[in-house]
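Engineer: Just so we're aligned, residue 120 is where the sequence shown starts under our numbering, counting upward by one.
Glycine residues also receive a C-beta, built at the ideal position from the N, C-alpha and C atoms.
Below are the structure tokens for one structure; questions will follow.
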Amino acid sequence: MFLYLLTLCDMALLQILHYPDPRLHKKAKPVAQVDDRIRQLVADMAETMYDAPGVGLAATQIDVHERVVVIDTSEEKNDLRVLINPEIISRSDEASVYEEGCLSVPGVYDEVERPSRVRVRARNLKDEVIEFDAEGLLAVCVQHEIDHLNGKVFVQHLSLLKQTRLKAKLRKQERELERA
Ligand code: GNR
Ligand code: NI
């Protein structure tokens, strides 16, 4: 899959927005048609995700507000999933807690509780409708990425006290980076 994208396009590394950037809270619009522009976007997102490295990336994180996600939770980094207009069509009653991180909130990891298993419907690069069941890290990642498309960053699942502290800390860090 990734090799196919490599042969299709030149790729580019994209800049990832950092929380608390207000652009991370924009709601992404559905993709009307999977065309060459979307294929180029997916190629660039995949390269950016593998370079970071991360197990997923939502278009929102690179300031593109369209419903496109790439995920690769495999050990060997050879199982790219492209999800266009992804939806969760069912969730387990059972929930699990996972220590989450995010490329848009570097250095911050905290526990988030979500449904343990989800069924996902999306379109792929061939514009086919696909459905699959996810559990474990894949289930966490799909839910984390769909949150991004809806303008939600994982820290918004934490207590308001934690969010306020985190914002202050990250704003200070960015100021120090600017001066350095
Ligand atoms: O690379 C990532 N790792 C991760 C770990 C636990 C839960 C979620 C994630 S997703 C994250 C990449 C990212 O920020 N995607 O939006
Ligand atoms: Ni993220």
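(1) Kindly indicate which three-state DSSP category GLU297 falls into: helix, strand or coil?
(2) Report the rounded CA-to-CA distance for HIS137 versus VAL150, giving the unit in angstroms.
(3) Return the residue from the list GLU218, VAL248 and ASP129 that minimises the CA-CA distance to ILE203.
(4) From the DSSP secondary-structure annotation, give me the bridge partner or partners of ARG238.
(5) Looking only at DSSP bridge pairs, what is ALA177 linked to?
(6) Identify the residues that DSSP records as bridge partners of LEU302: which are they?
(7) Using only CA atoms, which one of ASP246, SER278 and GLU213 lies nearest to ALA258?
(8) Go to VAL161, then tell me how far its alpha helix (DSSP H) extends in each direction, as first and last residue.
(9) Taking the alpha-carbon positions, what's the HIS144 to VAL272 distance?
(10) Per DSSP, ASP229 forms a beta bridge with which residues?
(11) Would you tell me roughly how many angstroms separate the C-alpha atoms of LEU133 and GLU230, rounded to the nearest one?
(12) Suppose you measure from the CA of GLY220 to the CA of ILE265; what does that come to, to the nearest Å?
(13) Which residues end up in the neighbourhood of the ligand NI when you take C-beta atoms closer than 6 angstroms to any of its heavy atoms?
Structural biologist: So, from the listed chains and residues:
(1) helix
(2) 24 angstroms
(3) VAL248
(4) SER209 and ASP252
(5) VAL188
(6) Because residue 302 is not part of the residues shown, which for the chain are 120 to 299, the question remains open.
(7) GLU213
(8) 155-170
(9) 8 angstroms
(10) GLU219
(11) 28 angstroms
(12) 15 angstroms
(13) CYS221, LEU222, SER223, HIS263 and HIS267
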